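Data block below; observations after.
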Amino acid sequence: MTDDGNGAGERDEPMVRAENVTLSLGGRRVLDGVSFELTRGESLAILGASGSGKTTLLRLVLALAEPDEGEIWVAGYPLSRCSFEDILKLRRDIGMVFQGSALFDSMSVLENVAFPLREYTDLPDPEIRERVHETLRIVDLDPDQVEHQLPAELSGGMQKRVAIARAIAPRPDMLLFDEPTGGLDPITTRTINELIVKLREELGVSAIVVTHDIRSALHTADRVALLHEGRLVFVGTPAEMKESKDDYVQEFLGEALFT
Amino acid sequence: MSKQPHQRGRPREDGWILASLKSAAVRTDEYFTLLWRSLRATFSRPFYVDDLFQQMDTVGVASLWIVILTGLFTGMVLALQSAVEMERFGATIYIGRLVGATTVRELGPVLTALMVTGRAGSGMAAQLGSMEVTEQVDALETMGVNPIRRLVVPRLLAGVIMMPILTVITDLVSIVGGLLIAVVKLDLSATLYLRSVWATLQQTGFIFRYIPIDFVQGLVKPVAFGGIMALTACYYGLRTRGGTEGVGRSATKAVVTSSVLILATDYFLTQVLITLLVE
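Protein chains in written order, with our numbering: chain A, 16 to 274; chain B, 740 to 1018.
The structure is reproduced here in structure tokens:
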């Protein structure tokens, strides 16, 4: 990793720092001067209506897209000044759980969860299998039952668990969740939320949870940020959010809690 | 004031043409950037050998029957059609020449490339397209894997390696197809037919003393066609947007564009090869 003397990679640096991030896609301003910080071990929920730029923000943190203006630091490294190789290395410390799970459909559950381990480590096969089994147990799946199944043979909730297992298998410093409960029934939603809380307690990772589900956000996060039309209109604890006088915050809370 | 509508109209027209040209230029640039990145990734570590073998199986082994059938019926129909004309002049002994020359130089490489594009190219574009729309390509990237290295390079190499092999099979089967018609329908002797095939192959000369130039022509082309088929499929696959409908569009675009590029490249490559090898 190149060190440009910008305080890169220090342990006391925030996990993520975004400053004045602006991005337009197809002539529409998706993010407009967004700034936030995620300290190590903290969990931040980014709330917002559909199309408010939440997923785009995660893509920027992963350097899958570049902002038009502003800068994002991950573990102290400014992404705009990182080489492609540096970014690949940075991503290894980040586990991402995609909205649609994004499991490799030609691979079994075992191969999916083993994928990052095979990419990042030289562990022999038996150890990788052992690690996969251990990880599947963390996400409350029975390894002997699911390891040879293909993603298409699993239910939505189980696919989500496998996706979480794949993200945590290399024991990353930070987890990113894109709508972890989107498209799931209320009971599965609750168990996935409980799993996120459990993971944070057991693994001590930082987490950004992007969601439009206010209950998920209040349940899983230390702090909540609310995106509206590309701008962060609120950042604070769940308790502060409930007491906020901001019209949009109240509207969002009301709509979300009473529908 | 009276000129205003005219003035208003023109920039719009110019704008439309300029926008089309600009978008074509951008796409060409993206296509060659993908080629350049793939070539760079081909010659540097890590190599995904298992994926390469899997793709060689998908492109090559799985296309075997389709190219055998294509070769067989092409050879048979060439012999049959030429027999009608040649019988009038009592020249049926030259049927081997006609089948050999047209197959090895042109029809073998081009038909194989078009058939494999329809079969494997569309599959590649659809597979990469569905990986793109279900965020599997993003997932690869987030796990520190370069998608070009992991997805494009094995497919490109598989195309470049398997297309010449499939072409040789098409050529051979096609000559056998012609042989069947020559022997069964036209009562020619098999030896005479095969001698006639060989005679036409050595007519344009040899390189390295033993390798007929026709044969070299017929092997250089499929390397290029295999590359075009795979690269075009990967290009459209990886830029798929718009869900399952987008996947279908990408597969169609990949086949249409590859086919046109293959036919156009065939012309220019033939010109170059004739200039280099024959003249």
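Beta carbons are placed, not taken as given, at the ideal position from N, Cα and C, and that holds for glycine.
Note that this is a predicted model, so its numbers are computed, not measured.
* Can you name the residues of chain A whose CB is closer than 9 Å to the CB of residue 801 of chain B? -> The contacting residues do not exist; residue 801 of chain B stays about 15 Å from chain A at best.
* Residue of A:140, A:181, A:51 and A:39 minimising C-alpha distance to residue 108 of chain A -> A:181
* Asked: By how many angstroms is the C-alpha of residue 255 of chain A removed from the C-alpha of residue 208 of chain A?
  -> 21 Å
* To do: Would you tell me roughly how many angstroms separate the C-alpha atoms of residue 1001 of chain B and residue 240 of chain A, rounded to the nearest one?
  => 53 Å
* Please confirm whether residue 913 of chain B and residue 831 of chain B have their CB atoms less than 7 Å apart. => no
* Check whether the Cβ of residue 2 of chain A lies closer than 7 Å to any Cβ atom in chain B. => Lying outside 16 to 274, the shown extent of chain A, residue 2 of chain A is not represented and no answer is given.
* To do: Give the straight-line distance between the Cα atoms of residue 966 of chain B and residue 852 of chain B, rounded to the nearest whole angstrom.
  => 10 Å
* In terms of residue numbering, what span does the alpha helix (DSSP H) encompassing residue 146 of chain A cover? -> 140-153
* Could you give the DSSP three-state label for residue 264 of chain A: helix, strand or coil? => helix
* Asked: What residue from A:45, A:46, A:62 and A:35 has the CA that sits closest to residue 223 of chain A's CA?
  -> A:62
* Beta-ladder partner(s) of residue 234 of chain A, from DSSP -> Paired residues: none, contrary to the question.
* Asked: Based on Cα-Cα distance, which residue from B:922, B:1015, B:917 and B:955 lies nearest to residue 838 of chain B?
  -> B:917
* **residue 929 of chain B, DSSP secondary structure in three states** => helix
* Asked: Rounded to whole angstroms, how far is the Cβ of residue 904 of chain B from the Cβ of residue 799 of chain B, which I believe are closer than 8 Å?
  -> 6 Å
* Asked: Within 7 Å (strictly less), CB to CB, does residue 788 of chain B reach chain A?
  -> no
* Residue of B:937, B:920, B:754 and B:857 minimising C-alpha distance to residue 992 of chain B -> B:857
* To do: Answer yes or no: do residue 83 of chain A and residue 150 of chain A have a C-beta to C-beta separation smaller than 7 Å?
  => no
* Tell me whether residue 847 of chain B sits in a helix, a strand or coil according to DSSP, three-state version. => helix
* **Listed by chain order, chain B residues near residue 139 of chain A by CB distance under 9 Å** => Going along chain B, no residue has its Cβ under 9 Å from residue 139 of chain A, so there is no contact; the nearest lies around 17 Å.
* Nearest-angstrom Cα distance between residue 935 of chain B and residue 897 of chain B? -> 34 Å
* Check the Cβ-Cβ distances between residue 111 of chain A and every residue of chain B, and say whether any is below 7 Å. => yes
* Identity of the residues DSSP links to residue 224 of chain A by a beta bridge -> A:60 and A:192
* Determine which residues share a DSSP beta bridge with residue 111 of chain A and list them. => A:191
* Asked: With contact counted as at least three CB pairs below 8 Å, one residue from each stretch, are the segment 121-135 of chain A and the segment 150-166 of chain A in contact?
  -> yes
* Between residue 995 of chain B and the rest of its own chain, which residues show a CB-CB distance below 6 Å, the 5 nearest in sequence each way excluded? -> none
* If we ignore side chains and look at the alpha-carbon of each, how far apart do residue 252 of chain A and residue 51 of chain A end up? -> 13 Å
* Asked: Would you report the Cα separation of residue 39 of chain A and residue 75 of chain A, rounded to the nearest angstrom?
  -> 12 Å
* Along the chain, where does the beta strand (DSSP E) that runs through residue 37 of chain A open and close? -> 31-40
* Is there at least one Cβ from chain A nearer than 7 Å to residue 881 of chain B's Cβ? -> yes
* Determine whether the Cβ of residue 230 of chain A lies closer than 7 Å to any Cβ atom of chain B. => no
* Closest Cα partner of residue 803 of chain B within the set B:765, B:910 and B:928 -> B:910
* Asked: Using a Cβ-Cβ distance under 7 Å, would residue 909 of chain B count as near chain A?
  -> no
* Asked: For residue 1101 of chain B and chain A, any beta-carbon pair shorter than 7 Å?
  -> Here chain B covers residues 740 to 1018 and nothing more, so residue 1101 of chain B does not appear.
* Determine the direct distance from the alpha carbon of residue 53 of chain A to that of residue 959 of chain B, and round the result to whole angstroms. => 56 Å
* For the alpha helix (DSSP H) that residue 918 of chain B lies in, which residues bound it at each end? -> 892-923
* Asked: For the 8 Å Cβ check, are there 3 or more pairs between the segment 948-959 of chain B and the segment 872-885 of chain B?
  -> no
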